[in-house]
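Everything on this sheet refers to the single structure shown next.
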Amino acid sequence: MNIVFSIIIGYLLGSISFSYLLGKYIKKVDIRKYGSGNAGATNTLRVLGKGPAIAVLLLDIAKGIVAVMISSLLGGEEWVPFLAGLFAIIGHNWPIFFGFRGGKGIATTIGVLLVLVPYPALLAGVGAIILIFLTRYVSLGSLVFTLLTPIFILFFDQYPISFFYSALIFTLLSIWQHRVNIKKLIQGNENKIGEKSKIEEVNNS
């Protein structure tokens with residue numbers, strides 16, 4: 179029963195789209211129709227600006243943290259909080275409250291991994307931030323974060339091997355969600371952070 183509750187709570191928490199809600203509140207727009215078309219912090223930065231983007235980033239991270247913490251309080255096997263986190267990410271990407279059109283789930287993934295594997299996640303996060311700073315590609319930094327975290331898990335003895343495989347699922351989900359960005363990175367036409375999109379444009383990046 180704890181597994182069912184963890185899945186439901188994780189998914190419903192993840193389905194709260196803060197970028198959509200802030201877009202409606204601040205500019206009375208559906209943020210998914212502007213900028214990149216994604217309901218996430220990066221597109222919030224493009225369309226609404228820095229303040230709302232920071233708020234969305236922190237709130238989306240919090241979704242992952244809360245989902246995992248509630249699951250941990252419910253008890254059960256050590257992998258169940260990973261399941262709750264996974265469904266929080268799925269909820270963010272395909273939210274039931276907003277027509278199953280969400281974002282790419284990186285901020286929520288950060289929240290989940292910070293609770294479950296804090297040291298590997300922090301190390302991967304430092305690498306991702308440095309890469310974003312040098313290249314200004316948020317998508318590349320996001321991918322590197324999800325790629326490095328399971329690798330770093332292997333260097334810490336306190337984490338069972340199941341944690342590595344669980345984190346690897348997040349990596350695969352991230353790669354799938356960023357498949358268009360990967361193509362654009364290869365082609366050299368991926369959007370960089372700081373390049374503000376016109377509010378009437380949707381470029382699906």
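Under my numbering, the sequence shown has 184 at position 6, and the numbering climbs by one with no breaks. Note that CB positions come from ideal geometry on N, CA and C, so glycine has one too.
| Query | Result |
| --- | --- |
| When DSSP labels each residue in this structure, what does GLY213 get in the three-state scheme? | strand |
| Decide if the stretch 197–206 is in contact with the stretch 226–234; the criterion is three or more beta carbon pairs, one per stretch, under 8 Å apart. | yes |
| What are the start and end residues of the alpha helix (DSSP H) that includes PRO230? | 228–252 |
| Where PHE265 and ILE181 are concerned, what is the direct C-alpha to C-alpha distance, given to the nearest angstrom? | 11 Å |
| Fully enclosed by the stretch 254–320, which alpha helix (DSSP H) runs are 4 residues long or longer? | 258–271, 284–294, 296–313 |
| Looking at SER320: is its Cβ nearer than 8 Å to the Cβ of LEU363? | no |
| For VAL358, report the span of its alpha helix (DSSP H) as first-last. | 357–365 |
| Out of curiosity, what's the CA-to-CA distance linking PRO298 and ILE243? | 16 Å |
| Below 8 Å, can you find three or more Cβ-Cβ pairs linking the stretch 184–193 to the stretch 246–262? | yes |
| Whether or not the stretch 332–344 and the stretch 275–287 are in contact is what I'm after, with contact meaning three or more pairs of Cβ atoms, one per stretch, closer than 8 Å; do they touch? | no |
| Determine the burial state of ILE331: buried for a count of at least 16 other Cβ atoms within 10 Å of its Cβ, exposed for fewer. | buried |
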